[in-house]
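S.K.: So the sequence shown is numbered by the UniProt record's numbering: it starts at 1 and just counts up by one.
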Amino acid sequence: MSLMHIMVLLPLIFAVIIPIFYRFYKKIHLGWFVLPIPIIIFSYFMSYINVPDSDKPFIVIWEFMPRLGMNFAVHLDGLSLLFASLISGIGALVVLYSITYLSKNESLGNFYCYLLMFMGAMLGVVLSDNLLMLYLFWELTSISSFLLIGYWRHKKSSIYGAQKSLLITVFGGLMLLGGFISLSIAGNSWSITSLIQNAETIQKSPLFILAMVLVLIGAMTKSAQFPFHIWLPDAMEAPTPVSAYLHSATMVKAGIYLVARTTPIFAINGGFVWTVTAIGLVTLFWASFNAVKQQDLKGILAFSTISQLGMIMSMLGIGAVSYHYTGEESQLFLASIIAAVFHLINHATFKGALFMITGTIDHEVGTRDIKKLGGLMTIMPISCTFTIIAALSMAGVPPFNGFLSKELFLTAMFDSHKAGVFNLSTLGFLLPVIAVVGSIFTFVYSFKYVHEIFFGEYKADQLPKKPHEAPKLMLLPTGILISLVVIFGLFPNILSNSIIAPAVRAIAPYAESPEVHISFWHGITPALMGTLIVFIVGFVLFKSVSKWIKVYAYQPEYLTFNYYYDRGIYLSSYISNKITQSYMTGFIRSYLMYIFSFFIIMTALTIFTHPVSIAFDHISEIRPYEVILMGLILVSTFCIVLAKSRLFSIIMLAAVGYSVALFFVLFGAPDLALTQLSIETISTALFLLCFFHLPKMNRHDEDRKFKIGNFLIAICVGISVITIGLIAYGNRHFDSISKYYIDNVYDLAAGKNMVNVILVDFRGFDTLFESAVLGIAGLGIYTLIKLRDNNKNGGNENEETIE
């Protein structure tokens, strides 16, 4: 295991340690102990920037499960380095922010456990070279984000949002697994690097289209692309540090990473270019349009995030066209990939800052409802300044970094018609139109966000708290992100060769030296005209928003994706409950009927479809005392059925068990006889103890009708067992394994008791897992008892009851 493996696993290790530590030490906020972890990881990955040959990827392999091809191979190149830096860097700022945001009365052990688990999972996603390991970490991000979104589990909305995100992203994860399996079959490897090198072979495979579709579904669900975007707004019920981390810089960009990583494999296909570009632009427009009508600050940022992710996705789609050209034409479309990488960084800065500002407003004012906010500019001047800078960057206003990447985005869209492949030369004229319209609504909601909080009328009577400026520690991480917004805007080329160029080379390996130079002025270009249109039309719409906002009321509820999601969940729950109730009667005898009926049917089908012979040769003679014992068992069985006293039934049941123990004695198996006697004694004692406390100890008043169905099942089970025994006896294809145990029990295990040696040595793993099952069952019983005790004591009176 290398140091890079340790960096990936470090958050997961501390995810286990931190909660244990928290149980014994609560004097200092737990966040101070967590903060060094992302800082160490960020510093480690920063050491690879500007290192000679840092643009050349290298792989460190730890053979985790080599027989399955599941090796923990860490792959570091420009793309993974960019994402690892964002994950750890933004993670450090989020932990610092959470120290002030979350009080010490919260369940901090759980919160930081989930947060570190998610951090480690995201690092595993972006650094894994093995598809199976990537999928393992991919699903871990879904699980950990589910726990983070539902952190305030006393709120119904949190549980709803967590469940919604889990169902949609896990569905995408299953599709992704199918895509990975198809890729591995087509490329005969689980290594991403190897698959990229053998891209031409994969592209000729009949599984190529299937793999592409399934991988894109997985990516679109994780990055909340249309129509899978509906989970992200409900995920805003998570604490603000979670939203700032998961939904601006990390989890939602996992799908972006996957599309970028697999571009060298799929870019040759026109469906990939059109699908990624079209879905990205539709997501950009639809989310930005819906962001304007939101009344909750987090709601605005949620749809804003969806919109910005669609923007990045569309740029990756146009950038894939560069695979079909060489020279200057290739560089023309490669600029779209440069824009995508640059905006990936910019979005993490200004959107992370905006989420933190939203949390600050909620923390200090007590509400996120824009109807109650307004006029806070003089009361919270620092937060106001930070908000204006971040919002202007998001709107694409100079001189901030968002303007530069937005200009590159519009340039890429206006240049798309120059591509002669995939009919972009004809339908490509639609792309800049959608891009400009989507950018107009981005401008509107950005200005609305600032105006509704800090300008307008101050409504002191509607605020739950008396507003005041946030503490310095809460403002510090926001200030750092705002500083990056300004620095990257004024000096964008500090990222050109250190971060952006290596990442672009990872997405487009054919581009040996991509020209990355970002500047404010490119002359009078269509993109500049588009920007002017965005500013003018956007400002007009912003000033008149109260006049046209009613247009949202014309959309009926049944034409929303949330409506069909809720209806689908309700119908699936209703149908599954009906099906379950039809066979889950609550009676053990019913379940035994299902089991025995299935056993009879499968036995009969096997016998009739696979002819077998039944041999009666070499069968031992039946001795008189065996007949007597068998008669005793039959009599006891009939007594159980006919008895009117439950106590007598228990005694007869014990008689059957003790008779079987005598059979073991007669057949020369004293150890089995001893075990049988012990089990029967304990079972009988427990039955008597349980029935002693029952209010009714006889069956005089019960319905005693003869049930022909039960009788037939019982007879058929007996016949089936006898038939299987005779078939097994008469169709031996191998020597008995007992000879092996007899010959080796002493030499290999140094034991004389064959049964003990088999259980402890030869079948040690079976015994181990059986013991583990008993241990798990014991823990489950203990937990149920503790829960019952808590319920008796009234539970937590402060928590809202969830029905």
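Beta carbons are placed, not taken as given, at the ideal position from N, Cα and C, and that holds for glycine. Predicted model, so just to flag it, every value in this text is computed and none were measured.
Just how far apart, CA to CA, sit Y746 and L759?
M.R.: When rounded, the distance between both Cα atoms is 14 angstroms.
S.K.: Considering only the beta carbon of each residue, do T169 and S248 sit closer than 8 angstroms?
M.R.: It is not a contact, given that the beta carbons lie outside the stated cut-off.
S.K.: Let me know the alpha helix (DSSP H) ranges lying completely inside the stretch 204-269, each 4 residues or longer, listed in chain order.
M.R.: Counting whole runs of 4 or more residues, the stretch 204-269 contains the alpha helix (DSSP H) stretches 208-222, 231-234, 240-246 and 254-266.
S.K.: If you run the structure through DSSP and keep just helix, strand and coil, what is E63?
M.R.: Strand at E63.
S.K.: Using the DSSP secondary-structure output, state which residues sit across from H75 in a beta bridge.
M.R.: Answer is I59.
S.K.: Could you tell me which of Y458, Y570, K448 and T585 sits nearest to K543, measuring between CA atoms?
M.R.: The shortest Cα separation from K543 among Y458, Y570, K448 and T585 belongs to K448.
S.K.: Threshold first: 4 residues or longer. Then list the alpha helix (DSSP H) segments lying entirely within the stretch 438-504, N to C.
M.R.: Qualifying alpha helix (DSSP H) stretches, in chain order: 472-490.
S.K.: Roughly how many angstroms lie between the CA atoms of S314 and S498, to the nearest whole one?
M.R.: Their backbone Cα atoms lie some 24 angstroms apart in a straight line.
S.K.: Can you give, in chain order, each stretch of the alpha helix (DSSP H) that sits fully within the stretch 554-633 and has at least 4 residues?
M.R.: Runs of the alpha helix (DSSP H) inside the stretch 554-633: 561-583 and 588-609.
S.K.: Given that a residue counts as buried once 16 or more other Cβ atoms are within 10 Å of its Cβ, and exposed if not, what is E364?
M.R.: Answer is buried; the Cβ neighbour count reaches 16.
S.K.: Would a C-beta distance cut-off of 8 angstroms place F403 and G489 closer than the cut-off?
M.R.: The answer is yes: Cβ separation under 8 angstroms.
S.K.: Just to confirm my understanding: we take T228, look at its own chain, exclude 5 residues before and 5 after, and list those with CB closer than 6 angstroms. What are they?
M.R.: In the sequence as presented, Thr is not what sits at residue 228; that position holds Phe. Cβ neighbours of F228 beyond the five flanking positions: I168, M220 and T221.
S.K.: Assuming S720 and T603 make a contact with CB atoms under 8 angstroms, what is their CB distance in whole Å?
M.R.: Yes, they are in contact, since the Cβ atoms of S720 and T603 sit about 4 angstroms apart, within 8 angstroms.
S.K.: Could you tell me how far apart the beta carbons of F58 and L76 are, in whole angstroms, since I believe they sit closer than 8 angstroms?
M.R.: The pair is a contact, with the Cβ atoms about 6 angstroms apart (cut-off 8 angstroms).
S.K.: According to DSSP, S191 sits in a beta bridge with which residue or residues?
M.R.: Answer by DSSP bridge pairing, in chain order: N130.
S.K.: From which residue to which residue does the alpha helix (DSSP H) around H693 run?
M.R.: Segment: none, H693 is in no alpha helix (DSSP H) and carries neither H nor E.
S.K.: Quick check on the DSSP output: what are the complete beta strand (DSSP E) runs of length 3 or more inside the stretch 106-170, in order along the chain?
M.R.: Complete beta strand (DSSP E) runs here, min 3: none at all.
S.K.: Restricting to Cα atoms, I'd like to know which of L166, H517, F266 and E237 is closest to L210.
M.R.: Here the closest residue by C-alpha is F266.
S.K.: Tell me the rounded alpha-carbon separation between L108 and Y22.
M.R.: C-alpha separation (whole angstroms): 8 angstroms.
S.K.: What does M70 pair with, by DSSP beta-bridge criteria?
M.R.: DSSP lists M65 as partners of M70.
S.K.: Return the first residue and the last residue of the alpha helix (DSSP H) that Y5 is part of.
M.R.: The identity of residue 5 in the sequence shown is His, whereas the question assumes Tyr. H5 -> alpha helix (DSSP H) spans L3 to F24.
S.K.: Tell me, which residues are paired with D369 by DSSP?
M.R.: Per DSSP, D296.
S.K.: Using 8 angstroms as the threshold, is the C-beta distance between T240 and I87 below it?
M.R.: Not a contact, by the Cβ cut-off of 8 angstroms.
S.K.: Please report the residue range of the alpha helix (DSSP H) in which S383 lies.
M.R.: Per DSSP, S383 belongs to the alpha helix (DSSP H) from P381 to A395.
S.K.: Distance, Cα to Cα, V276 vs P509?
M.R.: Distance between the alpha carbons of V276 and P509: 19 angstroms.
S.K.: Roughly how many angstroms lie between the CA atoms of S416 and M474, to the nearest whole one?
M.R.: Computed Cα separation, rounded: 43 angstroms.
S.K.: Can you check which of these residues, S620, S128 and F687, is closest to F648 by C-alpha distance?
M.R.: Residue F687 is the option with its Cα nearest to F648.
S.K.: Could you check how far apart the C-beta atoms of V321 and A419 are, in whole angstroms? I think they sit under 8 angstroms.
M.R.: Between A419 and V321 the Cβ distance is about 5 angstroms, and since that is below 8 angstroms, they are a contact.
S.K.: Nearest by alpha-carbon distance to S405: which of F616, I453, N493 and V717 is it?
M.R.: Closest option to S405, Cα to Cα, is N493.
S.K.: Would you call F429 buried or exposed, if buried means 16 or more other Cβ atoms sit within 10 Å of its Cβ?
M.R.: Answer is exposed; the Cβ neighbour count stays below 16.
S.K.: Which residues mark the beginning and the end of the alpha helix (DSSP H) in which S738 is found?
M.R.: Taken as a continuous stretch (DSSP letters only), the alpha helix (DSSP H) holding S738 covers S738 to A749.
S.K.: Going along the chain, which residues of its own chain have a beta-carbon closer than 6 angstroms to the beta-carbon of S54, five neighbours each way excluded?
M.R.: The predicted model places S54 with a pLDDT of 49, which falls under 50 and marks its position as unreliable; any figure quoted below should be read in that light. The answer, listed in chain order, is Y48.
S.K.: Hey, F608 and V717: beta-carbon distance below 8 angstroms or not?
M.R.: Taking 8 angstroms as the Cβ cut-off, F608 and V717 do not qualify as a contacting pair.
S.K.: Under three-state DSSP, which class holds Y658?
M.R.: Y658: helix per DSSP, three-state reduction.
S.K.: Quick check on the burial criterion: 16 or more other C-beta atoms within 10 angstroms. Buried or exposed for M133?
M.R.: Result: buried.
S.K.: Out of I575, L592, L605 and A728, which one is the CA nearest neighbour of S613?
M.R.: Answer by Cα proximity: A728.
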